[in-house]
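Residue numbers (our numbering): 36 to 236. Note that CB positions come from ideal geometry on N, CA and C, so glycine has one too.
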Amino acid sequence: MSGHGMPPIPIFKGEKYHLWSLKMKTMFKSQELWDLVETGYTEPDPTPANPDAQLKDSRKKDARALFIIQSALDDEIFPRITEAKNAHEAWEILKQEYLGDDRVVKVRLQTLRSDFASLCMNDTETVQKYLSRVTEIVGQMRSYGEKINSEMIVSKVLRSLNDNWNHVIPAIEESKDLSTYTFDELMGSLLAHESRMKKTS
Numbered sequence: 036m037s038g039h040g041m042p043p044i045p046i047f048k049g050e051k052y053h054l055w056s057l058k059m060k061t062m063f064k065s066q067e068l069w070d071l072v073e074t075g076y077t078e079p080d081p082t083p084a085n086p087d088a089q090l091k092d093s094r095k096k097d098a099r100a101l102f103i104i105q106s107a108l109d110d111e112i113f114p115r116i117t118e119a120k121n122a123h124e125a126w127e128i129l130k131q132e133y134l135g136d137d138r139v140v141k142v143r144l145q146t147l148r149s150d151f152a153s154l155c156m157n158d159t160e161t162v163q164k165y166l167s168r169v170t171e172i173v174g175q176m177r178s179y180g181e182k183i184n185s186e187m188i189v190s191k192v193l194r195s196l197n198d199n200w201n202h203v204i205p206a207i208e209e210s211k212d213l214s215t216y217t218f219d220e221l222m223g224s225l226l227a228h229e230s231r232m233k234k235t236s
């Protein structure tokens, strides 16, 4: 081990793979191991008895990366990678099983995009409830690599509120620059309006 202090390793228990893998990727980058985990390294065939310095270094780094992955897995998950010969292989096994291949990700994203497009506030729903539905779908889309910015979310929410909000929306649109108005600011503003509406109703 070199002089870098190791940050605590996030433990994967089989849920929220996308979040765990993001944390792991950052950790590997901090240890300069990510390239190795992502693309692997080539073992010469047949293995030389006296490997050169570079190969020795790759093997050492790979063992370290594989150890980190092993240490990050809950006992229930660990058996899935016992056959893996190197860090790259172990990483790919987990990715395939918990994220799915690119085709699966594309299909999930298409579904989430259409869910986002058809989001609409119900007549009986509080704005807090509606905004948490929006946040959840946006979070899932981002976890699959979708680039969705605050402006897109703000304009979607303003278009999809129910009729109780008809008097509020023009006021927001006129007083704010929607290109810099964040979703969090909109959320704060709508929640404040809602509590005022409750008091006056």
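Around the beta carbon of Leu-193, 16 or more other beta carbons sit within 10 angstroms, so the residue counts as buried.
Three or more beta-carbon pairs drawn from the stretch 226-235 and the stretch 159-167 are found closer than 8 Å, and the two stretches are therefore classed as touching. When DSSP states are grouped into helix, strand and coil, Leu-166 belongs to the helix group. Fewer than three pairs of CB atoms, one per stretch, sit closer than 8 Å, so the stretch 198-206 makes no contact with the stretch 168-175. Leu-108 carries a strand assignment under DSSP once its states are collapsed to helix, strand and coil. The Cβ neighbour count for Lys-233, taken over all protein chains shown within 10 Å, is under 16; the residue is labelled exposed. Here the stretch 52-60 makes no contact with the stretch 112-124; the two share fewer than three CB pairs at distances below 8 Å. Linking Leu-213 to Ser-178 through their CA atoms gives a straight-line distance of about 25 Å. Per DSSP, the unbroken alpha helix (DSSP H) holding Gly-223 starts and ends at 218-235. Between the stretch 89-98 and the stretch 140-147, the count of C-beta pairs closer than 8 Å stays below three; the two stretches do not touch.
A contact is defined here as three or more CB-CB pairs under 8 Å, and the stretch 146-153 fails this definition with respect to the stretch 68-78. Sequence-distant partners of Leu-108 (beyond 5 residues in either direction) whose C-beta falls short of 6 Å from its own C-beta, in its chain, are Phe-47.
Short of 7 Å from the beta carbon of Met-156, and not among the five residues preceding or following it, lie these beta carbons of its own chain, in chain order: Tyr-165, Ser-195, Leu-196 and Asn-197. Following the DSSP letters along the chain, one finds His-123 inside the alpha helix (DSSP H) bounded by residues 122-133.
Residue range 185-195 is occupied by the alpha helix (DSSP H) that includes Met-187. A direct Cα-Cα distance of roughly 14 Å separates Ala-88 from Thr-77. Scanning its chain for C-beta atoms nearer than 7 Å, with the 5 sequence neighbours on each side dropped, one finds around Tyr-52 the residues Tyr-133 and Leu-134, in chain order.
Ranking Glu-181, Phe-102, Leu-129 and Glu-127 by CA distance to the CA of Gln-145 puts Glu-181 first. Going by beta carbons, Ile-116 and Ile-128 fall inside the 9 Å limit.
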